[in-house]
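Chemist: Sending over a structure as structure tokens; questions will come in a sec.
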Amino acid sequence: MESVKAFLKRKNIVISARRYGIDALGAMAQGLFASLLIGTILNTLGTQLGLEWLVTVGTYASKMSGAAMAVAIGYALQAPPLVLFSLATVGTAGNELGKAGGPLAVLFVAIIAAELGKAVSKETKVDILVTPIVTILSGVGLAALLAPTLGNIASSVGRIIMWATELQPFLMGIVVSVTVGIALTLPISSAAICAALTLTGLAGGAAVAGCCAQMVGFAFLSFKENRWGGLVSQGIGTSMLQMGNIVKNPKIWLPPIITSAITGPIATCIFRLQMNGSPVASGMGTCGLVGQIGIYTGWVNDIAAGTKTAITMFDWAGLLLVCFILPAVITPMIGLLFRNAGLIREGDLKLEA
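In terms of our numbering, the numbers along the sequence shown are unbroken and rise by one, the last being 400.
Below you can see the structure in the form of structure tokens.
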């Protein structure tokens, strides 16, 4: 047993929830962002502006999502170069075989293939052959065995959530908004979760609402302490910056969470706000305005498919209210009650410089 532990340590193979559930998952979301999401944005811009070359670039970027996710996972696992480069093939196989649930399949097979590749890396004199072969064969083999099942499971769970949201928009609007919003602020990836579950439609709109409640909510709740720098870094960056303060005083998390419980059902019941763009955008909130771009892309897709006639003023009002105005108003109001009650103290929301 000691020899196995020594080998794993030498190979930097750390079997832990943090390494796989936080580091790898977060990296996968970045890979998805840098390929599928950017590709979707460029494709939409190209279509709207009549720039065919931009559509072509966006299409190429979107097609590389499997490879980008796997390489990003390998990078998070600190894989050596030959393993890292070989993961492009593994990711492509996992994403294609997993179909709609491809991201979840890529997460599993890329982690296993990366660790197996690391285990054999530089252990032989023909490393340039052995390492890529082991990484690719194990990864593609696992993809063939597991990806269809994992993809089906992820898609089924996502469909159940979306079906339940359509059936019970008020209750599920709260559940999805609060849950995904909390995941956004935690050191895990809400974007990767939404992508793995292919969360779109009304449930996707609730997810966007929850993420915006956290990001915009924290940005305005902490404006007194962090001013404009904090407004920008949290409002279009990430509410995860508050995680250290949340550990010190968990009560500061309640105003954005309560806000998400309010804006979620407003999105689903009043505005019927749907996110029919790339599923990863459902878990991005206002980060780079990706959530809003995803909603707009969905509108464009729906019009092209004939399921929506036009983008109305009511659509824009719902987008602005749910994503920006309501979180910016409601969260500080709740926060003021908390401050007056002594639940939030001076400096509790201060970000480290």
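Glycine is no exception: its CB is placed at the ideal position from the N, C-alpha and C atoms.
Can you tell me which of the three DSSP states M287 falls into?
Modeler: helix
Chemist: Take L163 as the anchor and find which of A260, S237, V181, G149 has the nearest alpha-carbon.
Modeler: Out of A260, S237, V181, G149, V181 has the C-alpha closest to the C-alpha of L163.
Chemist: Quick one: what's got a C-beta closer than 8 Å to T106's C-beta in the same chain, skipping five residues either side?
Modeler: G86, N90
Chemist: Should the segment 316 to 330 be regarded as contacting the segment 76 to 83, the criterion being three or more beta carbon pairs within less than 8 Å?
Modeler: Counting Cβ pairs under 8 Å, three or more are found: they touch.
Chemist: Residue range of the alpha helix (DSSP H) that G210 falls in?
Modeler: A small fix is needed here, since residue 210 is Trp in this sequence, not Gly. From DSSP, the alpha helix (DSSP H) with W210 extends over 174 to 214.
Chemist: If you draw a straight line from the C-alpha of Q95 to the C-alpha of M322, how long is it?
Modeler: 18 Å
Chemist: Once DSSP output is grouped into helix, strand and coil, what is the label at M322?
Modeler: In this structure, M322 counts as strand in the three-state DSSP scheme.
Chemist: Return the CA-CA distance between L189 and A256, expressed in angstroms with no decimal places.
Modeler: 36 Å
Chemist: Along the chain, where does the alpha helix (DSSP H) that runs through Y122 open and close?
Modeler: 112 to 123
Chemist: Of all the options Q261, A152, I309, which has the alpha carbon lying nearest to the alpha carbon of A239?
Modeler: A152
Chemist: Going by beta carbon distance, what residues of the same chain come within less than 6 Å of M209, once the five residues before and after it are set aside?
Modeler: Here the set comprises G248, A250.
Chemist: For a quick check, are the C-beta atoms of Q289 and T378 less than 8 Å apart?
Modeler: no
Chemist: If contacts are defined as beta-carbon pairs under 8 Å, then L129 and P195 qualify, I think. What distance do you get, rounded to the angstrom?
Modeler: With 8 Å as the limit, L129 and P195 do not qualify as a contact, their Cβ atoms being about 28 Å apart.
Chemist: If contact is defined by three or more beta carbon pairs under 8 Å, each pair taking one atom from either stretch, is the segment 127 to 146 in contact with the segment 165 to 173?
Modeler: yes
Chemist: Exposed or buried, what is W300 when buried is set at 16 or more other beta-carbons lying within 10 Å of its beta-carbon?
Modeler: buried
Chemist: Excluding the 5 residues preceding and the 5 following D70 in the sequence, name in chain order all residues of the same chain whose CB lies nearer than 6 Å to its CB.
Modeler: A123
Chemist: Residues in the same chain with beta-carbon distance under 6 Å from V204, minus the five sequence neighbours each way, listed in chain order, please.
Modeler: Residues of the same chain with a CB within less than 6 Å of the CB of V204, apart from the 5 flanking positions on each side, are L244 in chain order.
Chemist: Expressed to the nearest angstrom, what Euclidean distance is found between the alpha-carbon atoms of R57 and V51?
Modeler: 10 Å
Chemist: Which runs of the alpha helix (DSSP H) fall wholly inside the segment 300 to 351 and span at least 4 residues, in chain order?
Modeler: 301 to 312
Chemist: Taking DSSP as the reference, what is the three-state secondary structure of M262?
Modeler: helix
Chemist: So, helix, strand or coil for A242, using DSSP?
Modeler: When DSSP states are grouped into helix, strand and coil, A242 belongs to the helix group.
Chemist: Does Q215 pass the burial test, meaning 16 or more other C-beta atoms within 10 Å, or should it be called exposed?
Modeler: Taking all protein chains shown into account, Q215 has fewer than 16 neighbouring C-beta atoms within 10 Å of its C-beta and is therefore exposed.
Chemist: What residues match up with G277 in a beta bridge as DSSP calls it?
Modeler: G277 is not bridged to any residue.
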